[in-house]
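For the sequence shown, the working numbering begins at 326 and goes up steadily by one.
Structure first, commentary second.
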Amino acid sequence: MKYSLIVPIAVSLIASSCSSTPNNPTTESFVTHITELGHKRFTYKATLGPDRPSGERPRRASSAGGPSGDKPRGAKPGAGKPGRSKANSGDIKKIALERMEVLLDESGFCNNGWFLVEQTIDQRRAEIIGECRAVVPQ
Numbered sequence: 326m327k328y329s330l331i332v333p334i335a336v337s338l339i340a341s342s343c344s345s346t347p348n349n350p351t352t353e354s355f356v357t358h359i360t361e362l363g364h365k366r367f368t369y370k371a372t373l374g375p376d377r378p379s380g381e382r383p384r385r386a387s388s389a390g391g392p393s394g395d396k397p398r399g400a401k402p403g404a405g406k407p408g409r410s411k412a413n414s415g416d417i418k419k420i421a422l423e424r425m426e427v428l429l430d431e432s433g434f435c436n437n438g439w440f441l442v443e444q445t446i447d448q449r450r451a452e453i454i455g456e457c458r459a460v461v462p463q
């Protein structure tokens, strides 16, 4: 009788914990630098891991398509280009910005906020360079 209640609870806890697991970067770095003029800069880099197991090769389309074999006949422009995977560039940007904000809060490096200097976003990789806002003397 006890087990009939425990098993459904355990299954629901396991299922809900997996679905809400954040998609954290597989590798990341957060480097800070203070220039000679006192400007506080930081660089955050993040990479998401591959969706497929390591060693598994991506599937190739058959060559029965168009003249060059790179896309099917009648396909829309861009159909032969590599498609977006589950984690597209918008996902990595969102994940990287959220994670970078957490690291900035934890470190206390930019107490007065920050602004974007440069960013590079790919499907699986993000690099964000920022600078802390200066403290206004009173």
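From the three backbone atoms N, C-alpha and C, an ideal C-beta is built for every residue, glycine too.
Just so we're clear, the structure is a prediction, and the values are computed from it rather than from any experiment.
Coarse secondary structure for residue i, derived from DSSP in three states
i	result
Ala451	strand
Pro378	Note on Pro378: pLDDT 49, under 50, position unreliable in the model; the coordinate value appears next. Reduced to three states, the DSSP call for Pro378 is coil.
Gly363	coil
Gly433	coil
Leu373	coil
Run of the beta strand (DSSP E) containing residue i, from where it starts to where it stops
i	result
Gln463	Counting along the chain, Gln463 falls outside any beta strand (DSSP E), and DSSP gives it neither H nor E.
Leu441	Trp439 to Ile446
Arg458	First-last for Arg458: undefined, no H or E at that position.
Cβ neighbours of residue i in the same chain (closer than 6 Å, five flanking residues each side left out)
i	result
Val356	Thr368
Arg450	Thr372
Leu429	Cys435
Ile454	Thr368, Val442 and Glu443
Gly438	Arg458
Thr445	Glu452
Residues that DSSP places opposite residue i in a beta bridge
i	result
Val356	Thr368
Own chain, CB closer than 8 Å to residue i, minus 5 neighbours either side, in chain order
i	result
Thr360	Arg366
Nearest residue (CA-CA) to residue i, options the options
i	options	result
Phe440	Gln463, Met425 and Asn349	Met425
Ser432	Gly374, His358, Pro462 and Asn349	His358
Glu353	Leu362, Gly363, His364 and Lys370	Lys370
Sequence-distant residues of its chain with Cβ nearer than 7 Å to residue i (five each side left out)
i	result
Lys418	Ile446 and Ala451
Glu456	His364, Lys365, Arg366, Trp439, Phe440 and Val442
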